[in-house]
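Right, one structure below, let's go through it.
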Amino acid sequence: MGNAQWLRDVRRQRRVFSLTLALSPRQRGTAFAPTPPMTTRVVIIGGGPGGTCAAMLLASRGFDVTLVEKRATLGGRSGRIEVGSYRFDVGSTMLMMRFVFEELFALAGRNLRDEVKLTPLDPMYRLDFGTRGALDVFSDTTRMKAELERFAPGSSPGLEKFLSRERARLEHLYPVLQKSYPHLGALVDPHVIAALPHVGLDSSLHDTARSYFDDEALQLAFSFQSAYLGMSPWNCPGGFGMVPFVEHAWGIEHVQGGLSELCNAMARVAHEHGARIRTNAEAERLVLSDGICTGVRLKSGEVLGCDDVVLDADGAEALRHLIESDISLRFSHARLEHLRESCSTFMLYLGLDCEVPLAHHTFFFARDYREEMRRVFEAMTLDDDLSLYVCNASKSDRTLAPEGHASLYALVLTPNTRAKLDWTLEAPRMRERVLRVLKERSGFDARAHLRAEKLLTPHDWETQFNVSHGAVFGPAHSISQLLAFRLPNQLPSPKNVFLAGGATNPGSGLPTIAESARIASRLLCERHGVAFPPSGPLPD
């Protein structure tokens, strides 16, 4: 199929989907009527965004759903931490591509805005380049052009080229990210073939940014988003130029109460459709019989009988520990152990007795960002010259801290636990580095206002959150680990085990994790002959 035919198919799909969108939000969710309640039992392991989304979608289509989560609260790496009267997002802090979640809630007969309160951020974030100054980043094109001209005169035409070309890229790649790739042959697909020129096989994300801007700081401003994938801009495939594009095209929003409220909302809708949500319930092993999973054994000894399982736990970690034997040569325990994985993070959560003079999101870049990336991903060492992401969410959300106080979250990219680092020694040193950089770069001394504190290290990600080697962004998003080369959404054996989450196709990041849940739910529905509507096209 040529590009012309592909475009005709997309336009036809858009016309059909627009009829669905013309209905009221609750009607949209029932435009594809769910089947009556059935006896097909689905156990979902993991209450992160992938698990809660799958629970919502499957329960709304009549399946008998039980979700088990080892922790006391839902959300996983998109969950919530409470320290005294201060609340923080665990990891993810930004809601992008809101339209994906609007579609998913609509499929369950709900309106996203009825379930969570969203606050658009304006500016989306601030980038602090040290002696070079700071750049505020807006999704409004007019304001962004003006800010670019202030920061680097003559640079604003690059924004128009960026928006136009990256829109075209995403138009081609978006359908590719909505499909399952059970084997290499699945790559012989019209959408994949049409998208190949846009993948950026021979370029990096930094190369992509450099094609739009001559200014080095702006090149970083449009490529540092590789950090959302746990990668360096100089090694991240150029096709991920679509990540900064979606920020500029649709903006960034804050979920009031923290991003965990999105998972709580999906779980609530799932429960309203009959799902059982069980926290403090840790899965220990899949029970297999004749190549089929017939149950999930919990650490308590209880066995939950099932007809299908959805794994939302960290993919590599779950397959190594929940299934006794190798599922295939492709996904043997030995190969899973040697997946190329993303970096990790050091997290510092600070409860402060004053408000903080920082934007909702601020990125402070190291003096030599490229050298920092080399240390994190190649040398796997630590240094005093570090970049710091600071989330001051209580600036936009007064539910996160007492009146007049602040909940401040700081993140540093670090090597994962494959590095030979002793975090019992490194954690206090890294804490001091973070507080020092925060004071030097912002002028704010957090030490003088500390009332509560908690930190997470790569070791904590591995042991407390069951993240393989603490690699919080999952397997690296290199070309050789995407689509059919990534963990599949349905195992070849046992065939009634499905995967959702950042380790599986299409990858990490909240919208793509939600897509993984949609793909897994669609495959499970197909297995039982239950109707499941096609994904919508990219919005205008």
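Residue numbers (our numbering): 292 to 831. Here a beta-carbon is modelled for each residue, glycine too, at the ideal position from N, C-alpha and C.
Item: Cα-Cα separation, A313 to A397; Value: Confidence is the limiting factor: at A313 the pLDDT is only 34, short of 50, which leaves the residue's position unreliable, though a coordinate-based value still follows. Each residue's alpha carbon lies about 12 Å from the other.
Item: Top-ranked residue by Cα proximity to V537, from L439, F453 and Y680; Value: F453
Item: For S733, three-class secondary structure by DSSP; Value: helix
Item: Closest residue to L386 among L801, I810, H482 and L815 (Cα-Cα distance); Value: L801
Item: Distance between R665 and T653 (C-alpha atoms, nearest Å); Value: 22 Å
Item: Distance between beta carbons of N707 and H760, contact taken as under 8 Å; Value: 5 Å
Item: Classification of G820 by the beta-carbon crowding that lies within 10 angstroms, buried from 16 upward; Value: exposed
Item: Rounded separation between D674 and K730 - CA only; Value: 17 Å
Item: Runs of alpha helix (DSSP H) wholly within the region 584-659 (minimum 4 residues, chain order); Value: 606-613 and 624-628
Item: Residues that DSSP places opposite H545 in a beta bridge; Value: T410
Item: Cα-Cα separation between E763 and G521, rounded to whole angstroms; Value: The residue you asked about is not Glu; residue 763 is Val in the sequence shown. Approximately 8 Å, taken between the alpha carbons.
Item: Identity of the residue in S635, A609 and F637 nearest E628 by Cα; Value: A609
Item: 4 or more residues per run - each alpha helix (DSSP H) lying fully within the region 438-516; Value: 447-467, 481-486, 496-501 and 507-512
Item: Nearest-angstrom beta carbon gap, A701 and L475 [assumed within contact, 8 Å]; Value: 42 Å between Cβ atoms; not a contact.
Item: Close-in-space but distant-in-sequence residues of the same chain around S376 (CB under 6 Å, 5 per side omitted); Value: P693
Item: Check whether S471 and H497 have beta carbons under 8 Å apart; Value: no
Item: P340 (DSSP reduced to helix, strand or coil); Value: helix
Item: Nearest neighbour of T672, chosen from S502, K711, L509 and E723 [CA to CA]; Value: K711
Item: Environment of T748 [buried if 16+ CB atoms lie within 10 Å]; Value: buried
Item: Those residues which DSSP pairs with S580 across a bridge; Value: I583
Item: Local conformation of V534 per DSSP, three classes; Value: helix
Item: Where V374 sits in the DSSP three-state scheme; Value: strand
Item: The region 413-428 contacting the region 548-566, beta-carbon criterion three pairs below 8 Å; Value: no
Item: Simplified DSSP assignment, three categories, for A811; Value: helix
Item: 8 Å Cβ cutoff met for D603 and G341; Value: yes
Item: For R332, three-class secondary structure by DSSP; Value: strand
Item: Limits of the unbroken beta strand (DSSP E) element including T705; Value: A697 to T705
Item: Beta bridge counterpart(s) of A574 as assigned by DSSP; Value: L589
Item: Rounded straight-line distance, which links the Cα of G382 to that of R813; Value: 28 Å
Item: Supposed contact pair L450 and T433 - C-beta distance, whole angstroms, cut 8 Å; Value: Actually they are not in contact, since the Cβ atoms of T433 and L450 sit about 10 Å apart, beyond 8 Å.
Item: Nearest to G529 (by Cα), restricted to the options H768, K408, R362 and L677; Value: H768
Item: For G792, the nearest candidate out of R352, G367 and D355 (CA to CA); Value: G367
Item: Close-in-space but distant-in-sequence residues of the same chain around K361 (CB under 6 Å, 5 per side omitted); Value: E573
Item: Straight-line Cα distance separating G338 from S826; Value: 23 Å
Item: C645 burial status per 10 Å Cβ neighbour count (16 or more: buried); Value: exposed
Item: F789, enclosing beta strand (DSSP E) - first and last residue; Value: V788 to L790
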